[in-house]
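4 protein chains.
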Amino acid sequence: MPLSPKQMEEINVQREQTAITRRVVSEGMEERLYSAFKVLDHGFVRVIDYMGDDSAICQAARVSYGKGTKSVQNDAGLIRYLMRHWHSTPFEMCEIKLHVKLPVFVARQWIRHRTANVNEYSARYSILDREFYIPSPEHIAAQSVVNNQGRGESLSGEEAQSVLELLKADSARCYDNYEKMISQEDQQGLARELARMNLPANIYTQWYWKVDLHNLLHFLRLRADPHAQYEIRVYAEEICKLVREWVPHTYSAFEDYRLGGASLSQTSVNVLRRMIKGEDVDLQSSGMSKGEWGEFKSIFFD
Amino acid sequence: MPLSPKQMEEINVQREQTAITRRVVSEGMEERLYSAFKVLDHGFVRVIDYMGDDSAICQAARVSYGKGTKSVQNDAGLIRYLMRHWHSTPFEMCEIKLHVKLPVFVARQWIRHRTANVNEYSARYSILDREFYIPSPEHIAAQSVVNNQGRGESLSGEEAQSVLELLKADSARCYDNYEKMISQEDQQGLARELARMNLPANIYTQWYWKVDLHNLLHFLRLRADPHAQYEIRVYAEEICKLVREWVPHTYSAFEDYRLGGASLSQTSVNVLRRMIKGEDVDLQSSGMSKGEWGEFKSIFFD
Amino acid sequence: MPLSPKQMEEINVQREQTAITRRVVSEGMEERLYSAFKVLDHGFVRVIDYMGDDSAICQAARVSYGKGTKSVQNDAGLIRYLMRHWHSTPFEMCEIKLHVKLPVFVARQWIRHRTANVNEYSARYSILDREFYIPSPEHIAAQSVVNNQGRGESLSGEEAQSVLELLKADSARCYDNYEKMISQEDQQGLARELARMNLPANIYTQWYWKVDLHNLLHFLRLRADPHAQYEIRVYAEEICKLVREWVPHTYSAFEDYRLGGASLSQTSVNVLRRMIKGEDVDLQSSGMSKGEWGEFKSIFFD
Amino acid sequence: MPLSPKQMEEINVQREQTAITRRVVSEGMEERLYSAFKVLDHGFVRVIDYMGDDSAICQAARVSYGKGTKSVQNDAGLIRYLMRHWHSTPFEMCEIKLHVKLPVFVARQWIRHRTANVNEYSARYSILDREFYIPSPEHIAAQSVVNNQGRGESLSGEEAQSVLELLKADSARCYDNYEKMISQEDQQGLARELARMNLPANIYTQWYWKVDLHNLLHFLRLRADPHAQYEIRVYAEEICKLVREWVPHTYSAFEDYRLGGASLSQTSVNVLRRMIKGEDVDLQSSGMSKGEWGEFKSIFFD
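Protein chains in written order, with our numbering: chain D, 5 to 306; chain H, 5 to 306; chain X, 5 to 306; chain A, 5 to 306.
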């Protein structure tokens with residue numbers, strides 16, 4: 005369970021606070037505000053604040069004086085048009101602020117998305133909690149034999165068991181020694197900024213992360229992708245659910261044009277033209293490399 | 005008057021809409037939401053949306069589960085501490101979205117602040133209104149004789165009058181010809197994306213501009229400065245008033261540490277140390293150039 | 005002719021300077037360095053400096069100690085792989101600095117690409133030259149009847165002639181009055197920061213623009229596109245030629261995957277799957293809107 | 005020793021490569037190019053490429069056709085002027101690319117500077133080396149009693165010894181188990197993207213990091229500051245030496261205006277004005293908080 009009773013209490017107090025506002029409100033988001041949605045064994049994602057909704061995207065695209073909405077159908081069509089033609093600036097007019105608890109090795113991938121605002125819990129200033137990500141047995145997988153930077157099938161029961169025991173034992177020992185080094189009982193106590201270096205990358209950290217909708221969708225496109233590492237993908241998938249509630253028309257266009265779509269080369273377009281005319285094209289006559297041909301077939305023939 | 009009755013009506017409809025929210029609310033901002041605050045002869049600034057308040061800055065700095073506020077006094081102290089030590093990330097956790105109407109030559113300066121989101125009214129797609137900035141006589145000034153990129157004293161009445169007449173006549177003629185070129189009566193009508201090139205830089209444009217509080221304060225520091233061009237400074241000053249209502253503790257720290265403060269060189273610090281000890285320091289013994297010495301004296305001896 | 009004899013002289017002096025360097029050198033770029041390539045009637049693009057080449061992209065992708073090149077063929081394959089899978093960071097490891105002279109209305113579109121460094125010629129500090137973009141007759145076109153933000157067919161000879169005369173006359177008159185206002189003969193002379201507001205958007209400005217290769221390719225993808233406004237497209241096309249000389253493998257992958265490729269929705273992918281199987285799909289059975297169907301057909305059936 | 009003989013060899017091969025270029029060359033930088041400058045026990049910084057020099061800053065500030073240099077003295081003065089008045093864009097016209105090897109906990113601080121390009125060695129794709137940062141005994145310090153996020157005095161010999169032993173033992177054991185988990189002898193072998201989570205934050209990683217001079221100076225100002233954590237400060241100090249060789253006028257202005265300067269509040273300016281007039285000001289009459297007063301005194305009275 006990722007939250008202490010005191011944390012639950014603080015969250016509940018915030019959920020009970022209400023106020024009147026003149027701002028645009030997303031009912032779907034209000035319902036989920038502040039609640040912690042569990043991810044992995046100790047992690048979570050929760051929405052702290054948001055700005056705008058589907059109508060705010062149309063309002064900005066039209067540089068409107070009023071609400072910007074003409075009709076719901078009209079807005080949905082405009083949003084699809086903007087997404088299809090890569091007009092990204094109107095989507096930048098919505099913003100979301102999340103509180104995320106996540107393992108350090110996931111945080112290190114996540115932070116590579118630079119166009120966002122971040123406040124991370126400081127291990128120079130504070131003492132980290134004894135919380136480590138330990139994968140569930142079905143996610144303990146072998147190095148992939150086809151993809152140098154991915155994982156393949158699950159490890160056998162025995163090997164998985166051995167991995168689990170090593171991870172647990174090393175996490176526990178490193179944390180014990182972290183505590184021992186910073187302890188001020190009968191000794192001076194090592195500075196926290198130094199002691200933290202003994203903690204492995206599966207320890208949990210947390211941060212406030214604020215991002216506009218355009219950059220969030222870019223993040224989700226890459227991290228909700230089947231090729232993304234499982235441990236970051238589950239965060240992306242949880243955020244996808246929140247975005248669907250927040251800006252449903254945008255999310256629907258995003259699913260069609262980005263998540264489910266395909267980016268084709270000129271070579272692929274030419275092959276498709278020939279196939280539509282009934283020609284039989286194979287690897288040799290396609291002009292593609294073996295890798296490209298495999299990717300091409302997986303889109304159109306699976 | 006910068007707004008048409010229809011625009012006023014649209015704004016009023018939005019001001020009357022209210023909803024319940026669980027989000028943090030800034031009373032000062034709610035009061036001002038959507039209203040157009042007049043700037044220059046036809047321009048305005050109005051707040052379309054905002055995220056966060058003073059407490060949200062502290063909440064992010066503490067990566068809190070709850071509201072983040074310990075006490076109002078505590079928060080004010082933390083905000084001053086963060087500002088003094090250039091901890092900028094907590095201030096990035098607040099966001100504001102403005103609708104601004106402004107002359108094109110002001111927009112060209114403004115857009116140089118890159119860390120913001122912008123949707124500008126498109127003169128490829130739409131026809132611009134016949135609205136031009138014509139300075140009031142007291143702002144028609146001569147080229148500065150001390151600062152190569154500024155203005156000096158006001159022009160004499162007659163010369164100012166002549167400038168006004170030229171500006172008005174050229175604006176009117178250029179707009180007349182813009183309309184004549186795009187007209188589709190008895191002719192095909194020039195494309196709007198071409199016709200716009202005939203419009204001078206004092207025509208008004210408008211945009212939605214969204215920015216986080218840290219980058220907004222940086223913008224205000226440079227553009228509310230007495231050395232900024234008058235025509236952009238009045239926008240910055242109007243926004244300063246809005247920020248004061250939105251995040252009063254932050255604005256107060258900003259005034260003390262940034263707007264009213266000074267950034268000193270090592271050389272200046274050394275001169276001050278000598279002066280405090282009672283030494284008489286002049287240009288020659290200061291080690292500064294004439295320009296630096298003048299700026300130094302204007303801070304401490306005016 | 006866009007350059008004065010003095011400017012030509014300065015450029016030639018710089019072209020004659022040579023030095024020994026240990027850095028990676030691109031022969032194609034060295035050949036073109038500093039030369040002004042003409043665009044429109046008075047504009048140009050010239051390369052002031054560059055960093056890296058194709059091998060530098062591979063070197064960064066491999067975080068190499070040495071040159072990073074295994075073999076030319078190997079590098080070309082890696083570059084195609086990186087481009088196909090949207091691994092953008094290695095392309096950010098090359099950088100280019102351009103000096104561009106361009107009409108103000110083009111500069112206003114260009115600057116919307118925020119991830120770049122810019123130093124623009126200051127009309128607060130300096131006096132702009134009397135140089136205006138006047139389209140050649142064949143580029144004077146009517147508003148498009150199918151695309152609200154584009155141009156259609158060329159205007160008839162008479163209407164085009166009338167447009168040309170209006171543009172020329174207004175440019176000349178506005179510039180005459182600009183000079184009259186800033187003149188310090190027998191008067192104080194208006195500040196330059198004010199006088200510039202009388203100049204129309206077809207006046208030329210210039211800037212130094214520095215950008216990494218990934219962001220440059222993104223700019224080129226949008227601005228070398230047939231839907232981009234002609235006046236910015238010609239700059240993009242000139243820069244494309246320079247990039248081809250600078251990083252030939254990257255440019256070739258860019259042409260295949262970006263310029264000539266297509267970005268498809270899930271709906272489009274599904275329609276293609278049915279077509280490949282021999283099914284006859286029309287607008288009605290496609291599940292697309294009329295606009296999407298038209299765009300889809302233009303990719304695969306033109 | 006941070007480099008293997010093979011790596012030394014690769015570096016030497018690159019150092020021996022020379023070519024003729026028309027680009028601006030910095031002799032100081034050419035001398036240092038590619039060489040690894042040692043930092044901490046296994047880390048280094050080495051310059052892979054650079055663009056521009058002091059003259060390039062002036063050239064961009066003047067939007068020049070030629071070299072931009074009027075005279076060396078002239079350039080130095082212009083650079084001081086630009087630095088003093090926070091004209092940052094000309095400094096963005098120089099760029100540097102570094103290869104850095106550094107402990108993960110240092111990398112996590114470093115990456116928070118977002119305006120830079122990064123390619124990090126991938127632990128999903130590759131196996132990390134057995135190299136851990138182990139502080140030298142004099143840098144093993146206690147938690148500070150005055151600064152919650154810093155370190156105080158060195159630990160006593162015995163306590164320091166105990167810390168060293170814990171760090172070494174945990175690093176060794178975690179790496180042994182990392183190897184055991186990924187081994188493919190007699191087992192499938194855990195995916196590298198999972199196994200890496202067992203490695204503590206003192207393991208070394210490496211990356212290519214490319215940044216413009218303005219953002220680099222901002223990084224150096226914060227990280228070469230005495231309050232920065234020692235382990236990142238030593239990298240910043242090593243880079244400072246490289247910048248001094250690369251752009252000596254800029255570095256000299258940076259030292260005076262940023263590294264050695266002070267940023268004062270309005271309250272501090274007012275107190276200084278009174279002190280210069282001979283008034284005795286103490287904490288109570290200063291209007292400052294205790295913390296601010298302490299910082300103020302440390303600037304002017306130490």
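Idealized CB from N, CA, C, for every residue including glycine.
C-beta neighbour in chain H for residue i, strict 8 Å
i: alanine 266/A; result: yes
i: asparagine 308/X; result: With chain X covering 5 to 306 only, the question about residue 308/X has no answer from this structure.
i: glutamate 34/D; result: yes
i: serine 187/X; result: no
i: arginine 19/D; result: yes
Simplified DSSP state of residue i, which is helix, strand or coil
i: glutamine 210/X; result: strand
i: threonine 22/A; result: coil
i: methionine 292/H; result: coil
i: serine 75/H; result: coil
i: glutamine 165/A; result: helix
i: asparagine 151/D; result: coil
i: tyrosine 54/X; result: strand
i: alanine 146/A; result: strand
i: serine 158/X; result: strand
Test: residue i CB closer than 8 Å to a CB of chain A
i: tyrosine 129/D; result: yes
i: tyrosine 137/D; result: yes
i: valine 118/X; result: The sequence as given places arginine at residue 118/X; valine does not occur at that position. Not an interface residue.
i: glutamate 296/H; result: yes
i: lysine 101/X; result: yes
Test: residue i CB closer than 8 Å to a CB of chain D
i: asparagine 123/H; result: yes
i: leucine 194/H; result: no
i: threonine 271/X; result: yes
i: serine 140/A; result: no
i: aspartate 216/H; result: yes
i: isoleucine 303/X; result: yes
Below-8 Å beta-carbon distance, residue i vs any chain X residue
i: proline 94/A; result: yes
i: lysine 42/A; result: no
i: histidine 207/A; result: It should be pointed out that residue 207/A corresponds to isoleucine in this sequence rather than to histidine. False, the Cβ-Cβ gap to chain X never drops below 8 Å.
i: isoleucine 24/A; result: yes
i: aspartate 229/A; result: no
- Item | Interfacial residues, the region 60–72 of chain X to chain A, with Cβ spacing under 8 Å | Legend: CB atoms of the region 60–72 of chain X lying less than 8 Å from CB atoms of chain A belong to residues Ala60, Gln63, Ala64, Ala65, Val67, Ser68, Tyr69, Gly70, Lys71.
- Item | contact_flag[the region 230–248 of chain H, the region 118–125 of chain H] where n(CB pairs < 8 Å) is 3 or more | No, the region 230–248 of chain H is not in contact with the region 118–125 of chain H.
- Query: For the 8 Å Cβ check, are there 3 or more pairs between the region 55–74 of chain X and the region 42–49 of chain A?
  - Reply: Between the region 55–74 of chain X and the region 42–49 of chain A, the count of Cβ pairs shorter than 8 Å is below three; the stretches do not touch.
- Query: Between the region 127–142 of chain A and the region 242–250 of chain A, are three or more C-beta pairs nearer than 8 Å?
  - Reply: No, because fewer than three Cβ pairs between the region 127–142 of chain A and the region 242–250 of chain A fall closer than 8 Å, the two stretches do not touch.
- Task: Output the residue ranges of the beta strand (DSSP E) runs that lie fully inside the region 215–289 of chain X and measure 3 residues or longer, sorted by chain position.
- Result: As far as the region 215–289 of chain X is concerned, its whole beta strand (DSSP E) runs of at least 3 residues are 266–268.
- Just checking, does the region 171–190 of chain X make contact with the region 129–140 of chain X on the three C-beta pairs under 8 Å criterion? Short answer: they touch.
- Query: Do three or more CB pairs link the region 164–179 of chain A to the region 197–212 of chain A at distances below 8 Å?
  - Reply: Judged by Cβ distances under 8 Å, the region 164–179 of chain A makes contact with the region 197–212 of chain A, as three or more pairs qualify.
- Query: Contact between the region 254–267 of chain D and the region 259–277 of chain X: three or more CB pairs below 8 Å?
  - Reply: Three or more Cβ pairs drawn from the region 254–267 of chain D and the region 259–277 of chain X lie within less than 8 Å of each other, which places the two stretches in contact.
- Item | the region 99–108 of chain H / the region 150–169 of chain X touching (three or more Cβ pairs under 8 Å) | Touching, no, given that fewer than three Cβ pairs across the two stretches are closer than 8 Å.
- For the region 21–33 of chain D and the region 7–25 of chain H, state whether three or more C-beta atom pairs, one from each stretch, are separated by less than 8 Å. Verdict: yes, contact present.
- Quick check: the region 210–220 of chain D against the region 160–167 of chain D, are there 3 or more CB pairs under 8 Å? No, the region 210–220 of chain D is not in contact with the region 160–167 of chain D.
- Message: Under 8 Å, with one C-beta from each stretch per pair, do the region 71–90 of chain A and the region 190–200 of chain A reach the 3-pair mark?
- Response: No, the region 71–90 of chain A does not touch the region 190–200 of chain A.
- Considering only residues of the region 80–130 of chain H, which uninterrupted beta strand (DSSP E) runs meet the minimum length of 3 residues and lie entirely inside it, listed in chain order? The DSSP assignment places 99–107, 121–124 as complete runs of the beta strand (DSSP E) inside the region 80–130 of chain H, in order along the chain (cut-off: 3 residues).
- Taking only beta carbons into account, state which residues of the region 275–290 of chain H come closer than 8 Å to chain A, listed in chain order. Within the region 275–290 of chain H, the residues whose Cβ lies closer than 8 Å to some Cβ of chain A are Leu276, Arg277, Met279, Ile280, Gly282, listed in chain order.
- Cβ contact check for the region 216–226 of chain A and the region 92–100 of chain A: 3 or more pairs under 8 Å: Output reads yes: the region 92–100 of chain A touches the region 216–226 of chain A.
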